[in-house]
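Below: one structure, written as structure tokens.
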Amino acid sequence: MLKLVMALAALVILSVSGTGHPAETKIQTGAAPGGPATDVSLRFSRHEGFSRIVFETTDEAFIRNSNVTAEKNLIKILFPTSLNLKARGNVDLETSLKGNLYTITVNNPFKIKVLKLSSPPRLSIDVIAAAKEEGRKPVTVEGRGPDIIPNIRVVLDPGHGGYEVGLVSGDLREKDFTFSLARSMEAALIKKNRTVFLTRKADQFLSITDRAIFANQKSPDVFISIHLSSANDFVIYTPAAEPASQDSAGELYGLMSRQRLYTEKSKALAEGLGNVLKEEFKRDIIFRKMELPLLASVGAASVMVELPIAVASDQSSKTKIAEILLKGIASYAGQ
Amino acid sequence: MPANKKRILLILVFILLFLGGIAGGFFYFSQLFGFKQTVETVPQEVKQGEDASFVRVYYPSEGRLIMEERRVRRQVAVTAIAEEIVGEFLKGPSNTAKSAVPPGTKLLGVYYGSDGILYVDLSDEFRRNFQGDALNEFLLLKGLYDSIISNVTGVDDVKVIIEGKEIESIGGHFLALYPLKNMLAEVK
Numbered sequence: 001m002l003k004l005v006m007a008l009a010a011l012v013i014l015s016v017s018g019t020g021h022p023a024e025t026k027i028q029t030g031a032a033p034g035g036p037a038t039d040v041s042l043r044f045s046r047h048e049g050f051s052r053i054v055f056e057t058t059d060e061a062f063i064r065n066s067n068v069t070a071e072k073n074l075i076k077i078l079f080p081t082s083l084n085l086k087a088r089g090n091v092d093l094e095t096s097l098k099g100n101l102y103t104i105t106v107n108n109p110f111k112i113k114v115l116k117l118s119s120p121p122r123l124s125i126d127v128i129a130a131a132k133e134e135g136r137k138p139v140t141v142e143g144r145g146p147d148i149i150p151n152i153r154v155v156l157d158p159g160h161g162g163y164e165v166g167l168v169s170g171d172l173r174e175k176d177f178t179f180s181l182a183r184s185m186e187a188a189l190i191k192k193n194r195t196v197f198l199t200r201k202a203d204q205f206l207s208i209t210d211r212a213i214f215a216n217q218k219s220p221d222v223f224i225s226i227h228l229s230s231a232n233d234f235v236i237y238t239p240a241a242e243p244a245s246q247d248s249a250g251e252l253y254g255l256m257s258r259q260r261l262y263t264e265k266s267k268a269l270a271e272g273l274g275n276v277l278k279e280e281f282k283r284d285i286i287f288r289k290m291e292l293p294l295l296a297s298v299g300a301a302s303v304m305v306e307l308p309i310a311v312a313s314d315q316s317s318k319t320k321i322a323e324i325l326l327k328g329i330a331s332y333a334g335q
Numbered sequence: 336m337p338a339n340k341k342r343i344l345l346i347l348v349f350i351l352l353f354l355g356g357i358a359g360g361f362f363y364f365s366q367l368f369g370f371k372q373t374v375e376t377v378p379q380e381v382k383q384g385e386d387a388s389f390v391r392v393y394y395p396s397e398g399r400l401i402m403e404e405r406r407v408r409r410q411v412a413v414t415a416i417a418e419e420i421v422g423e424f425l426k427g428p429s430n431t432a433k434s435a436v437p438p439g440t441k442l443l444g445v446y447y448g449s450d451g452i453l454y455v456d457l458s459d460e461f462r463r464n465f466q467g468d469a470l471n472e473f474l475l476l477k478g479l480y481d482s483i484i485s486n487v488t489g490v491d492d493v494k495v496i497i498e499g500k501e502i503e504s505i506g507g508h509f510l511a512l513y514p515l516k517n518m519l520a521e522v523k
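Heads up: the protein sequence lines correspond to chains X and D, in order. Per my numbering, the very first residue in the first sequence carries number 1; after that it's consecutive. Per my numbering, the very first residue in the second sequence carries number 336; after that it's consecutive.
The following block contains the structure:
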């Protein structure tokens, strides 16, 4: 049933592109003003050669009935109702909101690309610098680094902690390694002025529930739980799409509905991380879908990465792993 | 004997019989439904000539579950059968040098609720001595669940408690706060 819904949702995706300069380009019609205000979250990210503005809500019809037009140096977005706009991070463009009309002022020649997407319902507008558009290359894994991670919010979860030690191999303890690795990644991201949070900031026990609550409070775009594996290969877990059954215990166990809107993003994040890990370490990557409660509870692209304990035991590997995981995030976020 | 004394004696006998009936009934039904039955140790080896049956026990081993048939004492009550099976599970597989079952774990009790959930009370070693990643934890819990469900009729689900208390997780990857069935959905 879920697969059928997903397939239908995919068909609903509308992709329209147009030139915003100089003539007006009408993307879609049929807006019906009025009605109660709709909660909408706004995300802005700057990429090489273009900026992306994403309006996200839970109402499919709201997105479907939105109109996007481009005229001279203005992009006008007419929504079917007024909206309560909640911006995540800074919008690095001149914008204004009056009633159900949102306008963006762009000073340089530009083109726009509009996508209406589902799961979750969202309107994505890419503002492409016209002069540079021809030369813009598709995002690739090669050559990417932490410095070109788009402005996204990242929550890193160092596994275990406190009395929960995790795997042990010689002097290596899982709780220490995951924390140290997360710290390295945090430092690299902060250095590049990116927003990053760690679920734990010391060697302390933190329950699965507390980790999930913390992560959701930070409204991340990316959530990565870091663990070690006794296997010889890297293992990347993504959350199962839905609980195994819909009875009361299943619903109870699935604190969990939050992730249902993000399963495709989680899969894309897993692939992004898996590709760079495979390329750098020349090891197989095991992708595993599992009903892990932490991943299932986070409302963002979420994965759990298990690093082979043999790789982690190499003292020099920590910095390399941190860089590679950040590459993986960049690869995902640049899609 | 005066009529009054006779009457008082009869009333006393009646009260004693009534109380005895209540006590007997409580004892009988508590045995029948197995409430709060406990065992002190892992079940003893089956002796020669003792009435026995074979059960299938699933052990986590090297990233998968392996099944072994074990001979246990024949039991009738749900909790008694479950005790035999969990006892065998905690012994670990016979053919593997290193058992993935946390060493030193003792079975403290098995309780069968009216909701069809079997509560397995284990000693703290089950949590404290667990060493493994997410898959190891999954297989440990699935092995315990499958061993019980495939041998004990009438049990719908299994919940693990430690030292008589609910705990959030055994190894930091899965929740132990809820019964296991839904959590142990197929890994893809």
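Glycine included, C-beta positions come from ideal geometry on N, C-alpha and C.
Can you say whether G478 of chain D is buried or exposed, counting buried as having 16 or more other CB atoms within 10 angstroms of its CB? In the second sequence, residue 478 of chain D corresponds to position 143, counting from 1. Burial check for G478 of chain D: the Cβ neighbour count within 10 Å reaches 16 or more, so the residue is buried.
Between the alpha carbons of T414 of chain D and V168 of chain X, how many angstroms are there, rounded? In the second sequence, the residue the question calls residue 414 of chain D occupies position 79. In the first sequence, the residue the question calls residue 168 of chain X occupies position 168. Distance between the alpha carbons of T414 of chain D and V168 of chain X: 36 Å.
So the alpha helix (DSSP H) F177 of chain X belongs to, where does it begin and stop? Locating residue 177 of chain X in the first sequence gives position 177, counting from the first residue. Counted as a single uninterrupted DSSP element, the alpha helix (DSSP H) harbouring F177 of chain X occupies residues E174 to K191.
Step through the CB atoms of chain X and report whether any lies within less than 8 Å of the CB of F509 of chain D. Residue mapping note: residue 509 of chain D aligns to position 174 of the second sequence, counting from 1. Judged by the 8 Å Cβ criterion, F509 of chain D is in contact with chain X.
For T440 of chain D versus S458 of chain D, is the C-beta distance shorter than 8 Å? Numbered from 1 along the second sequence, position 105 holds the residue referred to as residue 440 of chain D. Numbered from 1 along the second sequence, position 123 holds the residue referred to as residue 458 of chain D. A contact, by the Cβ cut-off of 8 Å.
Does the beta-carbon of G274 of chain X have 16 or more other beta-carbons within 10 angstroms, so that it is buried, or is it exposed? In the first sequence, the residue the question calls residue 274 of chain X occupies position 274. Answer is buried; the Cβ neighbour count reaches 16.
For T263 of chain X, would you say it is in contact with chain D, using Cβ-to-Cβ distances shorter than 8 Å as the test? Translated into positions along the first sequence, residue 263 of chain X becomes position 263. It does not; no Cβ of chain D falls within 8 Å.
With 8 Å set as the bound, which would you pick, yes or no: does the beta-carbon of E501 of chain D sit closer than that to a beta-carbon of chain X? Counting from 1 along the second sequence, the entry for residue 501 of chain D is found at position 166. Judged by the 8 Å Cβ criterion, E501 of chain D is not in contact with chain X.
CA-CA distance, F55 of chain X and V106 of chain X? Here residue 55 of chain X refers to the residue found at position 55 when the first sequence is read from its first residue. Here residue 106 of chain X refers to the residue found at position 106 when the first sequence is read from its first residue. Cα to Cα, F55 of chain X sits roughly 18 Å from V106 of chain X.
Compare the beta carbon distance of L512 of chain D and E498 of chain D with 8 Å and say whether it is the shorter of the two. Stepping through the second sequence from its first residue, residue 512 of chain D is reached at position 177. Stepping through the second sequence from its first residue, residue 498 of chain D is reached at position 163. The beta carbons of L512 of chain D and E498 of chain D sit no closer together than 8 Å.
So with Cβ pairs under 8 Å, would you call N464 of chain D a contact of chain X? The count along the second sequence starts at 1 and reaches residue 464 of chain D at position 129. Not one chain X Cβ lies under 8 Å of N464 of chain D.
What does F473 of chain D reach in chain X if we use C-beta pairs closer than 8 Å? Mapped onto the second sequence, residue 473 of chain D falls at position 138. Using a Cβ-Cβ cut-off of 8 Å, F473 of chain D is close to M290 of chain X, given in chain order.
For V196 of chain X, list the residues DSSP reports as bridge partners. On the first sequence, position 196 is the one that residue 196 of chain X refers to. In the DSSP secondary-structure assignment, V196 of chain X is bridged to X:V154.
Looking only at its chain, what residues have a beta carbon closer than 7 Å to the beta carbon of I416 of chain D, apart from the 5 residues adjacent to it on each side? Against the second sequence, residue 416 of chain D aligns to sequence position 81. If we look at I416 of chain D and ignore the five residues flanking it on each side, its Cβ neighbours are Q410, N486 and V487.
Looking only at its own chain, which residues have a Cβ that is under 7 Å from the Cβ of V298 of chain X, when we skip the five neighbours before and after it? Locating residue 298 of chain X in the first sequence gives position 298, counting from the first residue. For V298 of chain X, where only same-chain residues beyond five positions count, the Cβ hits under 7 Å are A212, A215, N216, F223, R258 and Q259.
Within a Cβ cutoff of 8 Å, which residues of the same chain sit near R463 of chain D, ignoring the five residues on either side of it in sequence? Indexing the second sequence from 1 puts residue 463 of chain D at position 128. If we look at R463 of chain D and ignore the five residues flanking it on each side, its Cβ neighbours are P437.
With DSSP as the reference, please indicate the residues paired to V525 of chain D in a beta bridge. Summary: the structure shown does not reach residue 525 of chain D, with chain D confined to residues 336 through 523, and so no result is reported for it.
Entirely within the segment 459 to 520 of chain D and at least 3 residues each: give me those beta strand (DSSP E) ranges in chain order. Counting whole runs of 3 or more residues, the segment 459 to 520 of chain D contains the beta strand (DSSP E) stretches 492 to 497.
Is there a Cβ of chain X sitting closer than 8 Å to that of Q489 of chain D, yes or no? Residue 489 of chain D sits at position 154 when you count from the first residue of the second sequence. According to the sequence provided, residue 489 of chain D is Gly. The question's Gln does not apply to it. No, G489 of chain D lies away from the interface with chain X (no Cβ there is under 8 Å from its Cβ).
P158 of chain X and T199 of chain X: beta carbons closer than 8 Å? One-based indexing of the first sequence puts residue 158 of chain X at position 158. One-based indexing of the first sequence puts residue 199 of chain X at position 199. Yes, these two residues count as a Cβ contact at 8 Å.
What did DSSP end up calling E306 of chain X once you bin it into helix, strand or coil? Translated into positions along the first sequence, residue 306 of chain X becomes position 306. Under the three-state reduction of DSSP output, E306 of chain X falls in the strand class.
Hey, quick one: how far does the beta strand (DSSP E) through E404 of chain D stretch, first residue to last? As a position in the second sequence, residue 404 of chain D is number 69, starting the count at 1. R399 to R408 is the span of the beta strand (DSSP E), which, as asked, contains E404 of chain D.
CB contact flag (V235 of chain X, A270 of chain X, <8 Å): Along the first sequence, one-based indexing puts residue 235 of chain X at 235. Along the first sequence, one-based indexing puts residue 270 of chain X at 270. Inclusion of V235 of chain X and A270 of chain X in the CB contact set at 8 Å is not warranted, their separation being larger than that value.
K72 of chain X to S41 of chain X, Cα distance in whole Å? The residue labelled residue 72 of chain X in the question sits at position 72 within the first sequence. The residue labelled residue 41 of chain X in the question sits at position 41 within the first sequence. Each residue's alpha carbon lies about 26 Å from the other.
I208 of chain X versus chain D: which residues are under 7 Å apart at the beta carbon? What you label residue 208 of chain X is simply residue 208 of the first sequence in a count that begins at 1. The answer, in chain order, is E503, S504 and L510.
In chain order, what residues of the same chain have a beta carbon less than 7 Å from the beta carbon of L206 of chain X, not counting five sequence neighbours either side? As a first step, residue 206 of chain X is located in the first sequence; it is residue number 206 there, counting from the start. Taken in chain order, the residues that qualify are G161, T199 and R200.
Can you check whether the C-beta of E404 of chain D is within less than 8 Å of a C-beta belonging to chain X? As a first step, residue 404 of chain D must be located in the second sequence, where it is residue number 69. Judged by the 8 Å Cβ criterion, E404 of chain D is not in contact with chain X.
Which residues of the segment 218 to 243 of chain X have a Cβ closer than 8 Å to any Cβ of chain D? Give them in chain order. Taking 8 Å as the Cβ-Cβ cut-off against chain D, the residues of the segment 218 to 243 of chain X that qualify are H227, L228, S229, S230, A231, V235, Y237, A240 and P243.
Measure the beta-carbon distance from G489 of chain D to G444 of chain D and round it to whole angstroms, keeping in mind my assumption that it falls under 8 Å. Numbered from 1 along the second sequence, position 154 holds the residue referred to as residue 489 of chain D. Numbered from 1 along the second sequence, position 109 holds the residue referred to as residue 444 of chain D. Going by Cβ atoms, the distance from G489 of chain D to G444 of chain D rounds to 18 Å, so no, they are not a contact pair.
C-beta neighbour in chain D for E71 of chain X, strict 8 Å: For the purposes of this step, residue 71 of chain X is taken as the residue at position 71 of the first sequence. No, E71 of chain X does not count as interfacial toward chain D.
Pairwise C-alpha distance: T38 of chain X and V68 of chain X: Position 68 of the first sequence, counting from 1, holds the residue named residue 68 of chain X. Position 38 of the first sequence, counting from 1, holds the residue named residue 38 of chain X. Straight-line Cα distance between these residues: approximately 17 Å.
What does the alpha-carbon distance come out to for the pair I346 of chain D and G448 of chain D? Taking the second sequence and counting its residues from 1, one reaches residue 346 of chain D at position 11. Taking the second sequence and counting its residues from 1, one reaches residue 448 of chain D at position 113. A straight line joining the alpha-carbon of I346 of chain D with that of G448 of chain D spans about 39 Å.
Could you please tell me which residues of the segment 304 to 318 of chain X, in chain order, have their CB closer than 9 Å to any CB of chain D? For the segment 304 to 318 of chain X, the set of residues with a beta-carbon nearer than 9 Å to any beta-carbon of chain D comprises M304, E306 and I309, in chain order.
Nearest CA to the CA of I152 of chain X: which residue from X:R288, X:S51, X:T209 and X:I286? One-based indexing of the first sequence puts residue 152 of chain X at position 152. Put simply, of X:R288, X:S51, X:T209 and X:I286 the residue whose alpha carbon is nearest the alpha carbon of I152 of chain X is X:S51.
Establish whether the CB of G274 of chain X and some CB of chain D are separated by less than 8 Å. Here residue 274 of chain X is taken as the residue at index 274 of the first sequence, counted from 1. Closer than 8 Å to the CB of G274 of chain X there is not a single CB belonging to chain D.
Three-state secondary structure (DSSP) of R342 of chain D: Within the second sequence, the letter at position 7 stands for residue 342 of chain D. Three-state result, R342 of chain D: helix.
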